[in-house]
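Asker: To convert, count from 1 in the sequence shown and add 12; that's my numbering. Using N, Cα and C, we set each Cβ at its ideal position, and we do this for glycine too. Only a predicted model underlies this, so the values are computations on that prediction, with no experimental measurement involved.
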Amino acid sequence: TTPKAEAVSQTAYQSSSPEVGTKSDFKYRVQNDRIYITEYVGTKTKLIIPETIDGKPVFAIVAGSFTGSDLTYLKLPSSLSLLGSNSFNECDSLTQIDVDEANTKFCSIDGVVYSKDKTILRAFPAGRSGSFMIPDGVTTIYNYAFYRCYQLESVNMYNSVISIGERAFSFCWNLKSIRLSEKLKTISPFAFSHRRKLLPPMC
Numbered sequence: 013t014t015p016k017a018e019a020v021s022q023t024a025y026q027s028s029s030p031e032v033g034t035k036s037d038f039k040y041r042v043q044n045d046r047i048y049i050t051e052y053v054g055t056k057t058k059l060i061i062p063e064t065i066d067g068k069p070v071f072a073i074v075a076g077s078f079t080g081s082d083l084t085y086l087k088l089p090s091s092l093s094l095l096g097s098n099s100f101n102e103c104d105s106l107t108q109i110d111v112d113e114a115n116t117k118f119c120s121i122d123g124v125v126y127s128k129d130k131t132i133l134r135a136f137p138a139g140r141s142g143s144f145m146i147p148d149g150v151t152t153i154y155n156y157a158f159y160r161c162y163q164l165e166s167v168n169m170y171n172s173v174i175s176i177g178e179r180a181f182s183f184c185w186n187l188k189s190i191r192l193s194e195k196l197k198t199i200s201p202f203a204f205s206h207r208r209k210l211l212p213p214m215c
């Protein structure tokens with residue numbers, strides 16, 4: 013059986029006039045002639061990460077790089093191949109993450125980041141509120157995917173989901189309900205830790 017899609021809603025968040033970042037917006041290291049972003053130090057709230065810095069491709073975003081930023085919108089470049097888990101920790105105002113359509117590793121649907129084949133949900137913007145429907149075909153909810161999504165209230169998923177990663181829903185304080193996949197095989201450590209309102213999940 014499939015979940016009742018009408019029980020949840022999701023909204024595409026739009027952003028106006030985002031700005032392309034410059035090298036001064038980031039701390040980074042160069043490895044194998046490629047850029048690894050390690051920290052966002054800029055003040056832009058609507059940010060497009062550039063394809064290159066100093067002529068070298070932006071290849072990776074290290075885990076925790078954007079922690080606590082005031083971003084409301086973010087666009088990831090086509091050059092990005094590695095995205096660390098928990099990269100957007102405590103980005104409480106972030107409501108949309110887009111991915112350049114030419115990227116071969118990741119894609120975005122309604123501002124949520126997935127693997128290119130749409131089987132892995134990688135990152136959900138922490139500023140979203142209300143309810144969310146995980147799309148049919150997603151098999152894995154990645155580590156920290158919904159981490160510290162304080163305003164999220166309910167989650168529904170299709171039976172395609174078989175794995176929930178480490179701390180995937182930790183600190184979702186206002187999460188009241190979640191419908192789990194009937195084919196779920198793996199729930200990693202602390203996947204639902206530090207919750208306040210979560211009721212027993214429906215299966």
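Need the endpoints of the beta strand (DSSP E) that residue 69 sits in, please.
Answerer: Element bounds for residue 69: 68-73.
Asker: Which term fits residue 123, buried or exposed, when burial requires 16 or more other beta carbons within 10 angstroms of its beta carbon?
Answerer: Looking at its Cβ environment, which holds 16 or more other Cβ atoms inside 10 Å, residue 123 is buried.
Asker: Do you know offhand how far residue 34's Cα is from residue 68's?
Answerer: Cα to Cα, the separation comes out at about 13 Å.
Asker: Report the CB separation of residue 70 from residue 94 in whole angstroms; it is logged as a contact under 8 Å.
Answerer: With a Cβ gap of about 10 Å, residue 70 and residue 94 do not count as contacting.
Asker: Can you look up residue 214 in the DSSP assignment and give me helix, strand or coil?
Answerer: Residue confidence for residue 214 is low, a pLDDT of 44 falling below 50, so the modelled location carries little weight; the figure read from the coordinates is stated next. Correct three-state label for residue 214: strand.
Asker: Distance, Cα to Cα, residue 80 vs residue 103?
Answerer: C-alpha separation (whole angstroms): 5 Å.
Asker: For residue 144 versus residue 159, is the C-beta spacing smaller than 8 Å?
Answerer: Contact flag unset, no.
Asker: Where do the ends of the beta strand (DSSP E) carrying residue 190 lie?
Answerer: Segment 189-191, the beta strand (DSSP E) holding residue 190.
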